[in-house]
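Asks: Residue numbers (my numbering), protein chains in the order written: chain A, 1 to 223; chain B, 1001 to 1251. Glycine is no exception: its CB is placed at the ideal position from the N, C-alpha and C atoms. Attaching a single structure in C-alpha cells format; questions to follow.
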C-alpha cells in the first residue's frame, strides 16, 4: 500500500537528480515502445501483411483523427499527438499490471505532458501565423478578451493536467483500497473500469491537445 | 502537495525522446511506406491509364480498319452483284437473241417447207390436170382438136410483127423444110388443110413435114431450122411449172 498517492516514490539518485518510480516506468515504457516499433517496422513492404496493415491502420487512424480536428495536413502534428496518445494509453494501462504504478497517476507526468502541450500550442501557433499574428489572436474577438484568453491558456493547461492525474490516480487509489479491504480478486471489475477510464482519458487528453493546437494554428475557433 | 521538479523535467525530456524514437521507428517508416505505396499505386495507375489510352487507340484503329473492311466488302458485294446482274442481262439478251434466231430459222424452214410442199402440190395438180386433160382430149375427134390449134397458130402468126415473121420465112429459104409436130398423127385431110393454111399464113411454098410427139399432150409445134414456135399444152405446162418453181405462179 502506498504511503501517499500524491507523491512519487524515490528510487535512486543520479548525482543530484532524483530518479523516481514514474521516471523509471516511463523509461521502461519508452524502451518497450521503441523496441516494438523497431520490430514491427523492420520489414515493411508495398504489399502489407496483417501485422503491417494493423500498424498502418493505427497510424492512419490517428492521422485521420488529427486531420478531422485540425482540418489540415496531419503530418506536422503526428509525431507529437500520435506519441501522446500512444504513450498515454500504455502509461494509463500500465497501472493495471501487478506492481506497476502508472506514470500518469503521479502529478509530475501529467504536468510534464501538459507543459509540453502548452509550449507546443504556442510553437505551432507562431510557426503557422507568425509571432505577431499569433499574439494578435489573443485579442480576438475583442481586445477585452485578451486577459481572459491568456488566463485560459494557463487554466486549460492546468485542467488538462489535473483531469488526467485525478482520473488515473483516483482509479489506482480506489483499486488499492479495495484490494486492501476486500481481497485479491474483488477489484477486477474496477480494474476493467480503470482500463476504460485510462483509454478515455488518453483520448480526451490527446483530443484536447489537438483542439488547442488547432485553435493556435487558426483552423479551430478558440473557445 | 509536493511537486518533484526533477521528475517533471525528466518526464518532459523522456517524452521528447519518445517522440523522436517513435518518429524514427514508427511514423517515418510507416509514412514512407504509405507514400511509396501511393506513389506505386499512382505509377501503376498512370501505367494502366497509358495502357488504356494505347488500348483505346488500338481499338479505334481496329474499329476504323473494320469499318474499312466492311466498306470494302460492301463495295465488293455491290460490284459482284452488278457484275452478276450484267452477266444475267447479257445471258438473257443472248438467250432472247438465240430464241429469236431459232424462231426465225424455224419460221424460215417452215415457210420453205410449206413453199416446197405447195410447189410439189402445184406440180402434182398440174400433172394431174394435164393427165385429166389428155384423157378428156383423147375422146375428142382429131379434126376438131386440130381445128382449134390451127386457128390459134394462124392468129399468132398474124399478130407477129412482120420482121419476125420475115425472119422465120427466111429460114425456110433454100428448100429447108418446116416440121410440124403434133401430139398425135393428123388425119391426111387435116394434114393437107394444115399445110395449105400455114403456107398461106407464112407466105411460103416450101415443103412441110409432119411429126408426132405424144409428149406435147395437145397442140402443135412449128420447128423452123433455127427456131421453134410452141403451141402445145406441154409448153404451157412447162411455163406454168417454171412459174410455180419461181413462186411466181398463181396460188
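1. Suppose contacts are defined by Cβ-Cβ distances below 7 Å. Is residue 1220 (chain B) in contact with residue 1179 (chain B) by that definition?
2. How big is the Cα-Cα spacing for residue 15 (chain A) and residue 1006 (chain B)?
3. I'd like to know whether the C-beta of residue 108 (chain A) is nearer than 7 Å to at least one C-beta of chain B.
4. Alpha carbon to alpha carbon, how far is residue 1022 (chain B) from residue 83 (chain A)?
5. Does the region 30–45 of chain A touch the region 1019–1039 of chain B, meaning 3 or more C-beta pairs lie closer than 8 Å?
6. Is there contact here, the region 1184–1195 of chain B with the region 1099–1117 of chain B, by at least three beta-carbon pairs under 8 Å?
7. Flag this pair as yes or no: are the beta carbons of residue 91 (chain A) and residue 103 (chain A) separated by less than 7 Å?
8. Identify whether residue 1230 (chain B) lies in helix, strand or coil by the three-state DSSP scheme.
9. Can you name the residues that DSSP bridges to residue 1219 (chain B)?
10. Using three-state DSSP, classify residue 227 (chain A) as helix, strand or coil.
11. Terminal residues of the continuous alpha helix (DSSP H) containing residue 1210 (chain B)?
12. Along the alpha helix (DSSP H) that carries residue 1080 (chain B), what are the first and last residues, could you check?
13. Residue 1014 (chain B) to residue 204 (chain A), Cα distance in whole Å?
14. Going along the chain, which residues of its own chain have a beta-carbon closer than 8 Å to the beta-carbon of residue 1231 (chain B), five neighbours each way excluded?
15. Comparing alpha-carbon positions, which option in A:13, A:47, A:63 lies nearest residue 1037 (chain B)?
16. Name the two residues that bound the continuous beta strand (DSSP E) containing residue 12 (chain A).
17. Residue 1025 (chain B) touches chain A at which residues, Cβ-Cβ below 8 Å?
18. The alpha helix (DSSP H) that contains residue 143 (chain A), what's its start and end?
19. Around the Cβ of residue 1 (chain A), are there at least 16 other Cβ atoms within 10 angstroms (buried) or fewer (exposed)?
20. For residue 26 (chain A), which residues in the same chain have their Cβ closer than 6 Å to its Cβ, ignoring the five residues on either side in sequence?
21. So, is residue 1250 (chain B) buried or exposed, given that buried needs 16 or more other C-beta atoms within 10 angstroms?
22. So, helix, strand or coil for residue 2 (chain A), using DSSP?
23. Could you spell out where the beta strand (DSSP E) holding residue 1180 (chain B) opens and where it closes?
24. Please decide whether residue 8 (chain A) counts as near chain B, where near means a Cβ-Cβ distance under 7 Å.
25. By Cβ distance, which residues of its chain are closer than 6 Å to residue 19 (chain A), with the 5 residues on each side in sequence left out?
26. Go through its chain and collect everything with a Cβ distance to residue 199 (chain A)'s Cβ below 6 Å, but skip five positions before and after it.
27. Quickly, what does DSSP pair residue 17 (chain A) with across the bridge? List them, please.
28. Just the C-alpha distance for residue 1073 (chain B) and residue 1079 (chain B), rounded to the nearest angstrom, thanks.
29. Can you find the residues in the same chain that come closer than 6 Å, C-beta to C-beta, to residue 1215 (chain B), ignoring five residues on each side of it along the sequence?
30. I want to know whether the region 149–156 of chain A touches the region 173–181 of chain A - three or more CB-CB distances under 8 Å.
31. Based on Cα-Cα distance, which residue from B:1011, B:1217, B:1041, B:1033 lies nearest to residue 1139 (chain B)?
32. Shorter than 7 Å from the beta carbon of residue 207 (chain A) to some beta carbon of chain B?
33. Run through DSSP, which three-state label would residue 103 (chain A) get?
Replies: Looking at the coordinates:
1. No, Cβ-Cβ distance for residue 1220 (chain B) and residue 1179 (chain B) is not below 7 Å.
2. If you take the alpha carbons of residue 15 (chain A) and residue 1006 (chain B), they lie about 12 Å apart.
3. Yes, contact with chain B.
4. 7 Å
5. yes
6. no
7. Yes. Within cutoff.
8. strand
9. DSSP output for residue 1219 (chain B) lists B:1232 as bridge partner(s).
10. Here chain A comprises residues numbered 1 to 223, so residue 227 (chain A) is not present and cannot be evaluated.
11. Note, residue 1210 (chain B): premise wrong, no alpha helix (DSSP H); beta strand (DSSP E) at 1208–1212.
12. Taken as a continuous stretch (DSSP letters only), the alpha helix (DSSP H) holding residue 1080 (chain B) covers 1028–1138.
13. 21 Å
14. 1149, 1152, 1153, 1156, 1219, 1220, 1221, 1222
15. A:47
16. 10–14
17. 34, 37, 38, 41
18. Element bounds for residue 143 (chain A): n/a, residue is neither H nor E.
19. Low confidence applies to residue 1 (chain A): its pLDDT is 43, below 50, so where it sits in the model is not reliable enough to give any reading.
20. 103
21. With a pLDDT of 44 at residue 1250 (chain B), under the threshold of 50, the predicted position of this residue should be treated as unreliable, though the coordinate-derived value follows. So residue 1250 (chain B) counts as exposed.
22. Confidence is the limiting factor: at residue 2 (chain A) the pLDDT is only 47, short of 50, which leaves the residue's position unreliable, though a coordinate-based value still follows. Per DSSP, reduced to three states, the secondary structure at residue 2 (chain A) is coil, with no helix or strand assignment.
23. Boundaries of the beta strand (DSSP E) around residue 1180 (chain B): 1178–1182.
24. yes
25. 11, 12
26. none
27. A:14
28. 10 Å
29. 1234
30. no
31. When only C-alpha atoms are compared, the closest one is B:1217.
32. no
33. helix
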